[in-house]
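Engineer:
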Amino acid sequence: MNGWSLSIRTALPVLLLFGASSCGYTLQNTKTNSLREEGVTRIYVAPVKNLSYKQGVENLFFNELTQILLAGKRVTLVDRPDFADAVLEATVTGANYTTTASTAAESIFPATIAAIEGFTVATEYQANVSCGFNLVRRKNGVATESIWNSSFSRSRRFAGNNQKIEYGTTSALINESEFDRALREVAHGMMQDVHEAMVARF
């Protein structure tokens with residue numbers, strides 16, 4: 605029994621070292637399979653287009669996208685398309701939230717106030733976002749071809765805040781605030797996916 609335990613303790617550092625070097629190789633391999641192969645090192649991020657009904661979401665996604673690209677240090681961002689090897693175009697095609705759970709109106713706060721029988725109220729919503737991305741090569745200041753394009757969609761649930769009478773006067777504002785918070789989390793995660801997919805060209 606002691607010999608078996610000793611063997612495990614001896615082998616464990618070797619296995620961990622092998623696993624660590626294996627993961628390192630995978631990450632390094634992902635980074636080498638990048639846009640550099642296409643001669644793209646400088647990118648201009650065009651203003652994000654917003655085709656949804658959510659005002660201002662284009663600014664949120666533009667900021668998240670540029671921050672993720674800067675943090676990744678896999679490409680250089682430039683402030684004019686004329687200085688870029690390629691232009692990254694992004695379009696928000698949808699940004700909304702839908703009800704995913706509800707309850708009878710008489711059960712929400714305050715329960716002492718009567719409600720219409722059979723009327724239901726949302727207790728949970730789901731934020732849904734969809735975006736399209738297109739990386740267009742530029743040569744001598746002219747767009748020539750699409751190097752990479754893809755569509756992404758993400759969802760995130762958040763709690764509803766619906767109440768009765770005077771307590772419910774701010775419910776819509778709180779729900780919209782929670783939607784904004786969910787959008788920020790969705791945007792951050794989506795832009796990380798976009799960054800990896802684009803630079804590795806999956």
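To convert, note that position 146 of the sequence shown is 750 in the working numbering; the numbers rise steadily by one, no gaps. All C-beta atoms, glycine included, are put in the ideal place defined by N, C-alpha and C.
Can you tell me whether DSSP reads Ala675 as helix, strand or coil?
Structural biologist: Helix.
Engineer: In the DSSP assignment, what are the bridge partners of Ser754?
Structural biologist: Phe737, per the DSSP bridge assignment.
Engineer: Tell me the rounded alpha-carbon separation between Arg678 and Gly745.
Structural biologist: Distance between the alpha carbons of Arg678 and Gly745 is about 22 Å.
Engineer: When burial is assigned at 16 or more other CB atoms within 10 Å of the CB, is Asn822 buried or exposed?
Structural biologist: The shown model of the chain, from 605 to 806, leaves out residue 822, and the question about it has no answer.
Engineer: Just tell me which of Val790, Met802, Ala688 has its CA closest to the CA of Arg760.
Structural biologist: Closest option to Arg760, Cα to Cα, is Val790.
Engineer: Taking C-alpha atoms, which residue in Ala763, Ser656, Phe737, Lys743 lies nearest to Ser754?
Structural biologist: Of the listed residues, the one whose Cα sits closest to Ser754 is Phe737.
Engineer: Cys735: which of Tyr729, Glu662, Glu642, Glu641 sits nearest, CA to CA?
Structural biologist: Checking every option, the nearest Cα to that of Cys735 belongs to Glu662.
Engineer: Is it buried or exposed, Leu655, if we count other Cβ atoms within 10 angstroms and call 16 or more buried?
Structural biologist: Exposed.
Engineer: With DSSP as the reference, label Ala650 as helix, strand or coil.
Structural biologist: Coil at Ala650, not helix or strand.
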